[in-house]
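Undergrad: Take this structure, written in structure tokens, and hold onto it; I'll ask about it next.
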Amino acid sequence: DGGITQSPKYLFRKEGQNVTLSCEQNLNHDAMYWYRQDPGQGLRLIYYSQIVNDFQKGDIAEGYSVSREKKESFPLTVTSAQKNPTAFYLCASRGTGVGTGELFFGEGSRLTVL
Amino acid sequence: EDQVTQSPEALRLQEGESSSLNCSYTVSGLRGLFWYRQDPGKGPEFLFTLYSAGEEKEKERLKATLTKKESFLHITAPKPEDSATYLCAVLLMEYGNKLVFGAGTILRVKS
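The listed protein sequences correspond, in order, to chains E and Z. Residue numbering for the first sequence is 1 to 114, as defined by the numbering used here. Residue numbering for the second sequence is 115 to 225, as defined by the numbering used here.
Next comes the structure, spelled out in structure tokens:
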């Protein structure tokens, strides 16, 4: 089945460590996104990418980094510079043709800093 | 500043008790409005897209409507399995087709 796969589902990190969250899609979508979700807040955009080898900062990019070397993959690295990384992270993708506005989401990765 | 506000924050209904969720927005260059359902610990699941004022979409017990300043998600005769967080998002006219999300409405339906 086509979809978006995020891994790991749960991740624990010690302060000062970098961690990388994986996002893979087989929907042949050009655009991919990373969102952060905190209790009581809407999803906030971290980074997005419209095409391979190109990506843009979202509203809360500080302390995060991404790469887009393949169309199918958009990994997110949470660096030690991110001061409050404990959150639920969601990856999404979207087709870029006419009438393809909706995002399709993965199941999320929950990061906890110990 | 582009803003999306959902109300109420939480809603408790008895099974069969119809109600509506609200999503109001103040944005420039709206390209579309989306409704999602999210279960605890899961990613959001797409429900509806609305593109212009006056448009309506239906799916089972859910009906979404759109005006120039807000959208409503009407739930008719809800069942316990409709319990979830409902998210509203607006699609803006800028590079990357940015979606701005509201904080969501937590719906609990008791039998």
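Ideal Cβ placement from N, Cα and C applies to all residues, glycine included. On a predicted model such as this, the values are computed, not experimentally measured, just so you know.
(1) For F74/E, report the span of its beta strand (DSSP E) as first-last.
(2) Check each candidate in P39/E, Y10/E and H29/E and name the one with the smallest Cα separation from T20/E.
(3) When the distance is taken between beta carbons, is I46/E closer than 8 Å to A31/E?
(4) Considering only C-alpha positions, which residue in the set P75/E, R110/E and D54/E is nearest to P85/E?
(5) Using a C-beta cutoff of 8 Å, does L11/E count as contacting chain Z?
(6) Counting only C-beta atoms, is F74/E closer than 8 Å to chain Z at any point?
(7) What would DSSP say about D196/Z, mapped onto helix, strand or coil?
(8) Use the C-beta contact count for L114/E: other C-beta atoms within 10 angstroms, 16 or more gives buried, fewer gives exposed.
(9) For T181/Z, which residues of its own chain have a beta-carbon under 8 Å away from its beta-carbon, when the five flanking residues on both sides are left out?
(10) Mapping the DSSP letters down to three states, classify N26/E as helix, strand or coil.
(11) S313/Z: which of Y165/Z, L213/Z and M207/Z sits nearest, CA to CA?
TA: Put simply:
(1) Unbroken run through F74/E: none, as it is neither H nor E.
(2) Y10/E
(3) no
(4) R110/E
(5) Not one chain Z Cβ lies under 8 Å of L11/E.
(6) no
(7) helix
(8) exposed
(9) A167 and G168
(10) coil
(11) Here chain Z covers residues 115 to 225 and nothing more, so residue 313/Z does not appear.
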